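Our numbering puts the sequence shown at residues -9 to 434.
Input: a single structure, listed below in structure tokens.
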Amino acid sequence: MTQARSAKSFSHGVHPAEHKQASSALPVERMPFVSLYTLPLSMHLGAPSRPVVQAGDQVRRGQVLAEPSGFVSTTLHSPATGRVVSMDLARHPNGQYVPCMMIEADPFDTQQFEPAEPIDWRALPIDGFIEHVQRAGLVGMGGAAFPTHVKYKLPEGKRCQRLVINGCECEPFLTCDHRLMLERPAAVVRGAEIVASKLGADSATIGVELNKSDAIAAVRHELPADGPIAVQPLKVKYPQGAEKMLIKAMFGVEVPAGKLPLDVDIVVNNVSTMAAITDYFERGQPLVERIVTVAGPGVDRPANLVVPIGTPVREVLQYCKINHEARQVVMGGPMMGMPLASLDVPVLKGTSGLLAFTEAALNHPNEYACIQCGRCLEACGNLLNPSRLARLARAELYDELHQEHVLDCMECGACTFACPSGVPVVHLIRAAKATIRKRGSKDA
Ligand code: SF4
Ligand code: SF4
């Protein structure tokens, strides 16, 4: 009750049905190793990684396969002990064919990770720490897959006053972060301690929505008595996990349009990234696996699974008994996730969920004319005018769209969700943004 009273939130937003009950009580289990892993050299934002092994090489689990090819790039490690079988184009979940490395797992190997000595992170200068985070292959695990180390490189004159740890998991169906906080709260807190200390942050606050009260209690239990880390309960609302919304919810601070959290002295990381930081600095384990929620009416056995990166989606879904009713699989959450055109694509570092939907569960609303009801405006946490943006997008008026700050749209889909006329607002905006970016890069 006290918790509910002290819970914060941002203005606007929507309340989609949560659909978390099928997997929120299921402990994390480990998916068995499969025979072949496909690793795109680019599963993060930025430049693709550069291979340092060749077809035919034997590799160990956790061994570096590809190194960063620039600062905004990261390291790629083998998810299994085995052999590099090929480097070729293969299908990425986004539908494109991209350079990938294929690793055949050794069926006779135990695939146990051999822990290394802890790294003395306190002794590292900040640049050395950042180099380690890049070497660990860490990316934002909430979906965007932005290389984590880049966020830690504070530009001259900037400081990180507050570290924000995102434990909202506001997308329906997803429960991987919930289970992580419940089952490994010490790893989340330890990661927060490490990062807050290295960035010189005054405080670290873990934002968790109230529908995960058991996780709030578990993480609180691990907090050092007089440390700078706290847990902030948040009301349940979508899209609270979006960085700018989270900052607004927690501190009432507005990140101006076109600016980043760092412009208000804040760095935001996901709870999974914090646990991955702990795994790397305490036992040398780079990012070779992650927890994925597998759920939706199209699977008979929902689960929260530890899945090696590069595992084919088809194998994960078969393990969770995808049924004959399944019509569409979404990677990520239903609001911002990516519908897959093929199941023969790999799980990526940013894959938080695989959701299988039946025809009955797929929402194909009929589209009617906009009735100017304003519900999309009420839904938009970024204070945009979605109905106007949709109209301009249909009319292909790109200069006007630019003036209306279309590029600030985070494509959260809250407007589409709120629309009683079934106007595909976010789809129109997304397509317009892509055109504007293409035009911009041509002009450059
Ligand atoms: S306009 Fe963009 S940011 Fe606003 S609700 Fe729609 S998708 Fe979200
Ligand atoms: S919610 Fe739909 S119908 Fe209402 S103003 Fe927005 S686009 Fe128009």
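By construction, the Cβ of each residue, glycine as well, lies at the ideal position given by its N, Cα and C atoms.
Please read all numbers here as calculations on a predicted model, not as lab measurements.
Measuring alpha carbon to alpha carbon, tell me which residue in Gln48, Glu279 and Arg40 is nearest Thr64.
What you label residue 64 is simply residue 74 of the sequence shown in a count that begins at 1. Measuring from the Cα of Thr64, the nearest candidate turns out to be Arg40.
Fully enclosed by the region 149 to 217, which alpha helix (DSSP H) runs are 4 residues long or longer?
166 to 173, 175 to 189 and 203 to 212
Does at least one heavy atom of ligand 2 sit under 7 Å from the Cβ of Arg365?
Position 375 of the sequence shown holds residue 365. With a cutoff of 7 Å, Arg365 counts as near ligand 2, since its C-beta is closer than that to a heavy atom of the ligand.
Residue from Gly190, Leu31, Thr348 and Val319 with nearest C-alpha to Tyr450:
There is simply no residue 450 to check, as the chain begins at -9 and stops at 434 in what is shown.
Among all the DSSP beta bridges, which residues are the ones paired with Leu373?
Against the sequence shown, residue 373 aligns to sequence position 383. For Leu373, DSSP assigns no beta-bridge partner whatsoever.
Taking only three categories from DSSP, how would you classify Glu8?
One-based indexing of the sequence shown puts residue 8 at position 18. Three-state DSSP puts Glu8 in coil, outside helix and strand.
Give a yes or no on contact between the region 227 to 242 and the region 1 to 20, applying the rule of three or more CB pairs nearer than 8 Å.
These segments touch.
So Gly181 and Ala265 are in contact, right, with Cβ under 8 Å, and what is the actual spacing, rounded?
Your numbering for residue 181 matches position 191 in the sequence shown. Your numbering for residue 265 matches position 275 in the sequence shown. Indeed they touch by this definition, with Cβ atoms about 6 Å apart.
Please return the same chain residues whose Cβ sits closer than 7 Å to the Cβ of Asp290, not counting the five positions on each side in sequence.
Here residue 290 is taken as the residue at index 300 of the sequence shown, counted from 1. If we look at Asp290 and ignore the five residues flanking it on each side, its Cβ neighbours are Lys311 and Asn313.
According to the neighbour-count rule (16 or more other Cβ atoms, all chains shown, within 10 Å of its Cβ), is His9 buried or exposed?
What you label residue 9 is simply residue 19 of the sequence shown in a count that begins at 1. It counts as buried.
When every heavy atom of ligand 1 is checked, does at least one fall within less than 7 Å of the C-beta of Met400?
The sequence position of residue 400 within the sequence shown is 410, counting from 1. Distances from the CB of Met400 to the heavy atoms of ligand 1 include at least one below 7 Å.
Roughly how many whole angstroms lie between the Cα atoms of Thr301 and Ala359?
The count along the sequence shown starts at 1 and reaches residue 301 at position 311. The count along the sequence shown starts at 1 and reaches residue 359 at position 369. About 43 Å.
Pull up the distance between the alpha-carbon of Asn260 and that of Gly132, whole angstroms please.
Position 270 of the sequence shown holds residue 260. Position 142 of the sequence shown holds residue 132. Approximately 6 Å, taken between the alpha carbons.
Taking DSSP as the reference, what is the three-state secondary structure of Thr425?
Working through the sequence shown from its first residue, we reach residue 425 at position 435. In this structure, Thr425 counts as helix in the three-state DSSP scheme.
Is any heavy atom in ligand 2 found nearer than 7 Å to the beta carbon of Pro376?
Here the question's residue 376 lines up with position 386 in the sequence shown. Yes - ligand 2 has a heavy atom lying nearer than 7 Å to the Cβ of Pro376.
Quick one, which of Ala177, Ala285 and Pro376 has its alpha-carbon nearest Met400's?
Here residue 400 is taken as the residue at index 410 of the sequence shown, counted from 1. Taking only the C-alpha atoms, the option nearest Met400 is Pro376.
With H, G and I counted as helix, E and B as strand and the rest as coil, what does DSSP make of Glu390?
Within the sequence shown, residue 390 is the residue found at index 400, counting from 1. Glu390 falls in the helix class under three-state DSSP.
Look up Cys366 in the DSSP assignment and say whether it is helix, strand or coil.
Within the sequence shown, the letter at position 376 stands for residue 366. Looking at Cys366 - three-state DSSP - the assignment turns out to be helix.
Could you give the C-beta distance for Val306 and Met21, rounded to a whole number, given that I count them as a contact under 8 Å?
Here residue 306 is taken as the residue at index 316 of the sequence shown, counted from 1. Here residue 21 is taken as the residue at index 31 of the sequence shown, counted from 1. Contact flag correct, Cβ pair sits at about 7 Å.
Just to confirm my understanding: we take Val54, look at its own chain, exclude 5 residues before and 5 after, and list those with CB closer than 7 Å. What are they?
Against the sequence shown, residue 54 aligns to sequence position 64. So the qualifying residues of the chain are Val42, Thr65 and His67.
Any beta carbon from chain B within less than 8 Å of Val221's own beta carbon?
This model lacks chain B altogether; it includes just one protein chain.
For the region 253 to 323, list the beta strand (DSSP E) runs that are entirely contained and at least 3 residues long, ordered along the chain.
With a minimum length of 3 residues, the continuous beta strand (DSSP E) runs that stay inside the region 253 to 323 are 256 to 260, 279 to 285, 293 to 298 and 316 to 321.
Taking a contact to mean a Cβ-Cβ separation below 8 Å, would you say Ala422 touches Ala383 in this structure?
Residue numbering aside, residue 422 sits at position 432 when the sequence shown is read from its first letter. Residue numbering aside, residue 383 sits at position 393 when the sequence shown is read from its first letter. Cβ distance < 8 Å, so Ala422 and Ala383 count as in contact.
Could you please give the first and the last residue of the uninterrupted beta strand (DSSP E) stretch that includes Phe0?
Indexing the sequence shown from 1 puts residue 0 at position 10. Per DSSP, Phe0 belongs to no beta strand (DSSP E) and is neither H nor E.
Do Arg280 and Val297 count as a contact pair if the criterion is CB distance below 8 Å?
Position 307 of the sequence shown, counting from 1, holds the residue named residue 297. Position 290 of the sequence shown, counting from 1, holds the residue named residue 280. Closer than 8 Å, so yes.
Can you tell me whether Ala434 is buried or exposed, with buried defined as 16 or more other CB within 10 angstroms of its CB?
As a position in the sequence shown, residue 434 is number 444, starting the count at 1. Only weak support exists for where Ala434 lies, its pLDDT of 43 falling under 50; the value from the coordinates is given anyway. It is exposed - the Cβ of Ala434 has fewer than 16 other Cβ atoms within 10 Å.
Helix, strand or coil at Gly343 according to DSSP, with G and I counted as helix:
Working through the sequence shown from its first residue, we reach residue 343 at position 353. Three-state DSSP puts Gly343 in a strand.
Measure the alpha-carbon distance for Gly147 versus Arg51 and round it to whole angstroms.
Within the sequence shown, numbered from 1, the residue matching residue 147 stands at position 157. Within the sequence shown, numbered from 1, the residue matching residue 51 stands at position 61. Their backbone Cα atoms lie some 40 Å apart in a straight line.
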